[in-house]
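As you go down the protein sequences, you meet chains A and B in turn.
Going by full-length UniProt numbering, the first residue of the first sequence is number 1, and it counts up by one from there.
Going by full-length UniProt numbering, the first residue of the second sequence is number 1, and it counts up by one from there.
Here is the structure we will look at.
Protein chains: 2
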Amino acid sequence: MFSLSEENYLKAIFHLETSYKSGVSTNALAEEMQTKASSVTDMIKRLSDKDLVNYKKYQGVKLSEAGKKAAIEVIRKHRLWEVFLVEKLGFNWDEVHEVAEQLEHIKSEKLTNELDKFLEYPKKDPHGDPIPDANGKFTVGDRILLSALRKGESGICVGVKDSSVEFLQYLDKNGISLGKEIRVLEKEDFDQSMLIKMEKNEIRISHQISTNLFIKTL
Amino acid sequence: MFSLSEENYLKAIFHLETSYKSGVSTNALAEEMQTKASSVTDMIKRLSDKDLVNYKKYQGVKLSEAGKKAAIEVIRKHRLWEVFLVEKLGFNWDEVHEVAEQLEHIKSEKLTNELDKFLEYPKKDPHGDPIPDANGKFTVGDRILLSALRKGESGICVGVKDSSVEFLQYLDKNGISLGKEIRVLEKEDFDQSMLIKMEKNEIRISHQISTNLFIKTL
DNA sequence: TCAATTTTTTAGATTCACCTAAATTATTTT
DNA sequence: AAAATAATTTAGGTGAATCTAAAAAATTGA
């Protein structure tokens, strides 16, 4: 079994690997983990000793197969608990992250799988991210950033890229939520801001916003 | 906030205080925590520095009001999660302890209270132990040991004193469960063993068994 | 290319929660 | 009440996960 800290590092490396295909740098990990580069080097050595990552000095890390499996298991639990909190306990989608960060470390295969069943095998978490199944399989599905849509185009809002409390509360305040249709009414060449329509509301959003919303085109 | 280890010590002291009214000894705590007496002394000092226990060298510990509050909060969470595991996820009562030992340390008042609501404010956990409410209030209710019943007397089985996997599985195997009526058909003076009747079954049980079952007389 | 800068690693400390072995205090027994 | 025994504490050490400061390697750019 892995320590809480090890699991958090594995998860962080997994997430960063999507951006850093050729190896996750020490500094990037330190930034992600809110810690110092020297602490990261220490932990990387431990993970490397356990064959959870492949590491050569000064060359960044990559997850091994075992490391990837462990990371996905933690992510599976995190997302299942998020669904539980929202669907069963009435949490808002901006309140679940912190608690799920704790719940994701509970060690019990039976618990995870029974929870999955209880929730009726959800495919997505409250932020639109895919939930790995018991074998670690999951697919993101084809989605694009809202910012990629041109004037007049539309799609269904299916996920958020940033799931910070601040961003989610901004979306709530402006009536933007997953599953609804978005149409681009106008797009400003100068700053890439958009006027979008969701249900009855017309909302003006900055480029920052449109690059953090995932859309599925119809 | 308290560390995982601190919470476990507080819980252990709370439980032991029922037997050791004049202060919990270092050795008793070491036994309960499956650790060495010297480690216990270390931790007691830390808890004492935080005013969670009252401690004078060589005199055992007692929980302070703050310590009691913290211990009860952990116990509340433990028992609520046990109810969740049995009622919602289909765990058997002998499978819940280990997982609840982990879940009891999750820190989120909202989670605890929403879980309580979701479970419809249960008063007892699957082993018949009372669940403290959000203010830490709970009552054990009047219950006696089955061993205290005399021949011909009867009552409802309302709880187990030992909730080890072994004992619970013994009860399952013999069809003994909470909520059912028990009648003492015979009681052996020599070894205190009993012949009891529960529903249609007549079961011969040792004194060890009858001193670990709580009964409510009618 | 080689000097400056940035990134990463090493060295040495710190805290928590544990350990063993030895010393001290309390309790029992004779 | 002194000696033997038991309980508890102290002293010193360990590993995990962090830190700061300094050294070493890699990268950048003049």
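Glycine included, every Cβ here is placed at the ideal spot set by N, Cα and C.
The structure displayed is predicted, hence computed values, not measured ones.
Taking the alpha carbon of Leu-4(A) as the reference point, which residue from Lys-161(A), Tyr-55(A), Ala-70(A), Gly-136(A) has its own alpha carbon closest?
The option with the nearest alpha carbon to Leu-4(A) is Ala-70(A).
Tell me, please, which residues DSSP counts as bridged to Gly-155(A).
According to DSSP, which records beta bridges pairwise, Gly-155(A) is partnered with Ile-182(A), Thr-217(A).
Any C-beta of chain B sitting closer than 8 Å to the C-beta of Ile-106(A)?
Answer yes: the Cβ-Cβ gap between Ile-106(A) and chain B drops below 8 Å somewhere.
Roughly how far, in whole angstroms, is the beta-carbon of Glu-202(B) from the beta-carbon of Leu-195(B), given that I think they are within contact range, below 8 Å?
Going by Cβ atoms, the distance from Glu-202(B) to Leu-195(B) rounds to 6 Å, so yes, they are a contact pair.
Quick check: what's the CA-CA separation for Glu-87(B) versus Ser-164(B)?
Straight-line Cα distance between these residues: approximately 19 Å.
Less than 8 Å between the beta carbons of Arg-143(A) and Ile-72(A), yes or no?
It is not a contact, given that the beta carbons lie outside the stated cut-off.
Helix, strand or coil for Arg-204(A), going by three-state DSSP, please let me know.
In this structure, Arg-204(A) counts as strand in the three-state DSSP scheme.
Please list the partners that Lys-88(B) has in chain A, where partner means a Cβ-to-Cβ separation under 7 Å.
Result: Phe-118.
How would you call Met-1(A), buried or exposed, if buried means at least 16 neighbouring beta carbons within 10 angstroms?
Exposed, since its Cβ has fewer than 16 Cβ neighbours within 10 Å.
Could you name each continuous alpha helix (DSSP H) segment of 4 residues or more that falls completely within the segment 43–129 of chain B, going from the start of the chain to the end?
Correct list: 65–87, 96–103, 109–118.
Using the rule of at least 16 other Cβ atoms within 10 Å of the residue's Cβ for burial, across every protein chain shown, is Ile-145(B) buried or exposed?
Going by the sequence as given, residue 145(B) is Leu instead of Ile. Exposed, by the Cβ-count rule.
Quick one: what's Leu-145(A) bridged to in DSSP?
Leu-145(A) is bridged to Phe-214(A).
Buried or exposed: which applies to Ile-15(B), given that a residue is buried once 16 or more other Cβ atoms fall within 10 Å of its Cβ?
The residue you asked about is not Ile; residue 15(B) is His in the sequence shown. Looking at its Cβ environment, which holds fewer than 16 other Cβ atoms inside 10 Å, His-15(B) is exposed.
Our contact map puts Leu-218(A) next to Gly-128(A) with C-beta atoms below 8 Å; I'd like the distance itself, whole angstroms only.
Their Cβ separation, rounded to whole angstroms, is 16 Å, which puts Leu-218(A) and Gly-128(A) out of contact at 8 Å.
Where does Ile-131(A) fall in DSSP's three states?
Coil, per DSSP.
Can you list, in chain order, the residues of its chain whose CB lies under 6 Å from that of Lys-77(B), leaving out five sequence neighbours each side?
Here the set comprises Glu-104, Thr-112.
Along the chain, where does the beta strand (DSSP E) that runs through Ile-196(A) open and close?
From DSSP, the beta strand (DSSP E) with Ile-196(A) extends over 194–198.
What residues of chain A sit near Gln-102(B), judged by a beta carbon separation below 7 Å?
Ordered by position in chain A, the residues that pass the 7 Å Cβ test against Gln-102(B) are Ile-106, Lys-107.
In this structure, does DSSP put Lys-161(A) in helix, strand or coil?
Coil at Lys-161(A), not helix or strand.
If Asn-54(A) sits next to Lys-62(A), beta carbons under 8 Å apart, how far is it from one beta carbon to the other, in whole angstroms?
About 5 Å; that satisfies the 8 Å criterion.
Check whether chain B comes within 8 Å of Leu-80(A), counting only Cβ atoms and requiring the distance to be less than that.
Output row for Leu-80(A): interface = no.
I'd like the list of long-range same chain contacts for Gly-60(A), defined as Cβ closer than 6 Å, with 5 residues on each side in sequence excluded.
Correct list, in chain order: Gly-23, Val-24, Ser-25.
Tell me whether Val-24(A) sits in a helix, a strand or coil according to DSSP, three-state version.
Strand at Val-24(A).
Just to make sure I have the definition right: I need the residues of chain B whose C-beta is within less than 9 Å of the C-beta of Glu-114(A). Which are they?
Correct list: Leu-85, Lys-88, Leu-89, Gly-90, Phe-91.
Could you list which residues in chain A have their beta carbon closer than 9 Å to that of Val-99(B), in chain order?
Under the 9 Å cutoff, chain A gives Ile-106, Lys-107, Ser-108, Lys-110, Leu-111.
Considering only residues of the same chain and omitting the five flanking positions on each side of Arg-150(A), which have a CB-CB separation below 8 Å?
Answer for Arg-150(A): Val-184, Lys-187, listed in chain order.
Roughly how many whole angstroms lie between the Cα atoms of Gly-141(B) and Asp-189(B)?
The straight-line gap from Cα to Cα measures roughly 29 Å.
Name the one or two DSSP bridge partners that Lys-187(B) has.
In the DSSP output, where bridge partners are listed per residue, Lys-187(B) has Met-194(B).
With 16 as the cutoff for other CB atoms within 10 Å, does Asn-135(A) come out buried or exposed?
Asn-135(A) is exposed by the Cβ-count criterion.
Less than 8 Å between the CB atoms is what I'm expecting for Gln-102(B) and Lys-107(A), so what's the real figure, rounded?
That pair is a contact at about 7 Å.
What span of residues does the alpha helix (DSSP H) with Phe-138(B) cover, start to end?
Per DSSP, Phe-138(B) belongs to no alpha helix (DSSP H) and is neither H nor E.
Rounded to whole angstroms, what's the CA-CA distance from Asp-94(A) to Leu-85(A)? Just pull it up for me.
So the two alpha carbons sit approximately 11 Å from each other.
On the three-state DSSP scale, how would you describe Met-1(A)?
Three-state DSSP puts Met-1(A) in coil, outside helix and strand.
Consult DSSP for Gln-34(A) and reduce its assignment to one of helix, strand or coil.
Looking at Gln-34(A) - three-state DSSP - the assignment turns out to be coil, as it is neither helix nor strand.
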